[in-house]
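Worksheet: one structure, shown below.
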Amino acid sequence: METLLKILAEIRPDVDFEENKELVDSGELDSFDIVTLVGELCEEYDIEIGADDIVPENFNSAEAIMALVTRLQED
Amino acid sequence: MAFTSMQFVMFLVLAVALYYITPKRYRWVTLLVVNYVFYYFTGIKYFIYLFATTISTYIATIKLGNMIEQNKVAFQAAKAELDRDAKKAWKANFTKRKRRVLIPTLLFNFGILAVLKYSAFVSENLNLLLEKLSAPIELPVFHFLLPLGISFYTFQTMGYLIDVYREKVTPERNIGRLALFISFFPTIVQGPIGRFSALSTQLFVGNDFSYQKAKFGVQLMLWGAFKKLVIADRAGVLVDTVFASYDTYGGTYIAVAALVYCIQLYGDFSGGIDIATGAAQLFGIDLEKNFERPYLATSIPDFWRRWHITLGAWFRDYVFYPLSLSKFFTKVGKKGRQVFGNYIGKLLPVLIPQFIIFFLIGIWHGAEWKYIAFGFYNGTLIVLGILFEQPLQNLVQKLKINTACFSWHLFQILRTLVLVTLGKIITRAPSFGVSVAMMHSMVVQWDTDVLFHGGLLQLGLDVQDLCVLVFACLVLLCVSILQECGIQVRETLAKQNLYFRWVIYLSAVFSLILFGVYGLNYNAADFIYRGF
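These protein sequence lines map, in sequence, to chains X and V. Residue numbers 16 to 90, in this note's numbering, belong to the letters of the first sequence in order. Residue numbers 1244 to 1775, in this note's numbering, belong to the letters of the second sequence in order.
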């Protein structure tokens, strides 16, 4: 989780990723942030994130992003 | 049948009555019949395209659904014996098989749209090229009439197809219900472009009559008609006057007309959407939001998040993400980092697809060079905005500008409005060349004095019409600001005293009757986005 929070903070230092649980629904993360984030996640965790995985539920909070990463690692 | 015609009002009343007197479980059938009757008014010959989309999508989604079910069973059985690589290979192989169904269906449906909408434009331009090359060939040019709402229902249906392919929704096995989703009459004219996941249950379940929803629906329709008839159509008179003789008007007039065109387009399109949304609410159906006070946006990306939201979301989900996350653009990003450094390299998989999206949004509006130019104009603004975001932030800090105050916010809104207005000139002018000439004129022929010496009265509107337009725009602005502050106008109004509420309702109705633009030469059918 620490690594993920570090990646998130590098992309959007102005966002409180530990508190905000509606990152996409509230418009805090836009499509550019998500594409940049996906690139970083794929590189860091050696996973493949496709367009199918880009739904708000997977990116609304740091926990949701971590859950996506874990699921894709297990797949 | 225009949304603002008495014919539509009567049709809607009849449709709503029929819907609610039908037994609950058959209400969706009534709605489907109503949709087809509505579509019939546009011309029976266009049904062929609607049916082609419905049937091809039905066959493809059922096939995909069966494949997905079979794959799930087979994968569960084999899962224990597969290692991670084998699972990946299984998934990749299945994706390939699904694509064999998806891609021909996409090509077929977008092919219909492309042939009807773009073939004349392509043939004409190829002929020009062949003429320049002195080639003795001339391609035939076919001008097709566009079926009502084809750009909207094709996008909505292909969104559903992709959702089935992505296993986000289960395919609808009743072709009648699918036909209902594709042809829902309030949305078929000019959107909003709906998602199956959001609309299907509401359309198929057979809604109970809700007084509250119906009341809000009627209010929204009145508000939409106000925006269309009192604002947009009145503003249109001024805009048409200046744009028809742009060479006789100086830059100041052109700037005024361009700004008024922004108001006209918003009133026209969002007014139409309000009527559609209100009409859907009469059937107990909530449509997706298509506008969020776009002219209060503080940047161009913010504007596009607020303007025609469902089209932007469609391109984001079905084009931008697949492109940006594709293997090709991942490679482009990696290569870019080596060549241009980390910052630009990381941005490339975002910037290039963004440019492509705006090119597509441009040609979605029409088959003309000016729309392509409009797409590039917006794409360029967005790309420049991203590239210069950091340097500009640094500059603002160096200049010690307070960005947490109202004046900065207002500056951002006005700056965005100017950029948006320039973009609108491109789409409204008869050609791209003319729009450049008009912008040039705005720079070199600026004379504010003309506005204070009766100049505004030479633009097709008399004093009374100008006053009505300004007052109506102020009402629209006040409502927009209230909404921007989080106040829900209809809900707040509902809490007021009966007398006050009825004063407001009756004022709205009378303002429509008294100040709506009607008359012999007026054709209420001409919603601008209906033509796209």
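Cβ coordinates follow ideal geometry from the N, Cα and C atoms, glycine included.
task: Helix, strand or coil for Met1681 of chain V, going by three-state DSSP, please let me know.
output: helix
message: Restricting to Cα atoms, I'd like to know which of V:Leu1463, V:Pro1383, V:Asp1406, V:Asp1451 is closest to Ala1441 of chain V.
response: V:Asp1406
- prompt: How close, in whole Å, do the beta carbons of Ala66 of chain X and Pro1565 of chain V come, if the pair is a contact with beta carbons under 8 Å?
  reply: 4 Å
- prompt: Hey, quick one: how far does the alpha helix (DSSP H) through Ile1405 of chain V stretch, first residue to last?
  reply: 1393-1408
- request: Answer with yes or no whether the minimum CB distance from Pro1537 of chain V to chain X is below 8 Å.
  value: no
- request: Name, please, each residue of chain V whose Cβ falls closer than 7 Å to the Cβ of Lys69 of chain X.
  value: The residue asked about is misnamed: residue 69 of chain X is Ile in this sequence, not Lys. Within 7 Å Cβ-Cβ: Tyr1564.
query: Can you give the Cα-Cα distance for Glu1531 of chain V and Asp45 of chain X, rounded to whole angstroms?
result: 19 Å
- prompt: Nearest-angstrom Cα distance between Leu1525 of chain V and Leu1657 of chain V?
  reply: 37 Å
- prompt: Closer than 7 Å: is that where the CB of Met1310 of chain V sits relative to any heavy atom of the ligand PLP?
  reply: Inclusion of the ligand PLP in the displayed structure is not the case, the ligand content being empty and no account of it being possible.
query: Is it buried or exposed for Val1663 of chain V, if we count other Cβ within 10 angstroms and need 16 for buried?
result: buried
- request: Using beta-carbon positions only, say whether Phe1284 of chain V and Ile1518 of chain V come within less than 8 Å of one another.
  value: no
- request: Express the C-alpha separation of Leu1325 of chain V and Val84 of chain X in angstroms, rounding to a whole number.
  value: 20 Å
message: Taking 7 Å as the limit between beta carbons, can you name the residues of its chain near Leu1472 of chain V, skipping five residues before and five after?
response: Thr1247, Leu1755, Gly1759, Val1760
query: Closest Cβ-Cβ distance between Lys1330 of chain V and chain X: below 8 Å?
result: yes
query: So what's Leu1763 of chain V in DSSP terms, helix, strand or just coil?
result: Per-residue confidence for Leu1763 of chain V stands at a pLDDT of 44, beneath the threshold of 50, marking its modelled position as unreliable; no derived number is given.
message: My parser needs the alpha helix (DSSP H) runs of 4 or more residues fully inside the segment 1714-1755 of chain V; what are they?
response: 1732-1737
- request: Could you list the residues in the segment 56-89 of chain X with a C-beta less than 7 Å from some C-beta on chain V, going in chain order?
  value: Ile64, Gly65, Ala66, Asp67, Ile69
- request: Within 10 angstroms of the Cβ of Glu1415 of chain V, are there 16 or more other Cβ atoms? Answer buried if so, exposed if not.
  value: buried
task: Would you mind sorting Ser1513 of chain V into buried or exposed? The rule is 16 or more other CB atoms within 10 Å of its CB.
output: buried
task: Report yes if the C-beta distance between Gly1666 of chain V and Thr1553 of chain V is below 8 Å; otherwise report no.
output: no
- request: For the segment 1590-1604 of chain V, enumerate the residues whose C-beta is nearer than 7 Å to any C-beta of chain X, in chain order.
  value: Pro1592, Val1593
task: Flag Ser1542 of chain V as yes if its beta-carbon sits less than 8 Å from any beta-carbon of chain X, otherwise no.
output: no
field: Chain-ordered chain V contacts of Val30 of chain X [CB-CB under 7 Å]
entry: Result: empty, since nearest Cβ-Cβ is about 15 Å, beyond 7 Å.
message: Going by DSSP in three states, Trp1689 of chain V sits in which element: helix, strand or coil?
response: coil
- request: Select from the segment 30-51 of chain X all residues with a C-beta closer than 9 Å to any C-beta belonging to chain V, and list them in chain order.
  value: Gly42, Asp45, Ser46, Phe47, Ile49, Val50, Thr51
query: How would you list, in chain order, the residues of chain X whose beta-carbon sits under 9 Å from the beta-carbon of Ile1629 of chain V?
result: Phe47
- prompt: Counting along the chain, where does the alpha helix (DSSP H) carrying Ser1443 of chain V start and finish?
  reply: 1439-1447
- prompt: According to DSSP, is Gln1633 of chain V helix, strand or coil?
  reply: helix
message: Taking 8 Å as the threshold (beta carbon to beta carbon), is Lys1559 of chain V in contact with chain X?
response: Reading the sequence as shown, one finds Arg at residue 1559 of chain V and not Lys. Arg1559 of chain V counts as touching chain X.
message: Which residue wins for smallest C-alpha separation from Pro71 of chain X, given the options X:Asp40, X:Asp29, X:Glu33?
response: X:Asp40
query: To the nearest whole angstrom, what separates the beta carbons of Asn1368 of chain V and Met1401 of chain V, a pair I think is in contact under 8 Å?
result: Actually they do not touch by this definition, with Cβ atoms about 26 Å apart.
message: Taking a contact to mean a Cβ-Cβ separation below 8 Å, would you say Ala1321 of chain V touches Ala1610 of chain V in this structure?
response: no
Sequence-distant residues of the same chain with beta carbon closer than 7 Å to Tyr1504 of chain V, five excluded per side: Val1482, Lys1667, Arg1671
message: Rounded to whole angstroms, what is the Cα-Cα separation between Phe1439 of chain V and Ile1606 of chain V?
response: 25 Å
- request: Closer than 7 Å by beta-carbon distance: list the chain X residues that pair up with Ser1567 of chain V, in chain order.
  value: Val50
message: At a CB distance below 8 Å, what residues from the segment 1400-1424 of chain V approach chain X? Give them in sequence order.
response: Arg1409, Glu1410, Lys1411
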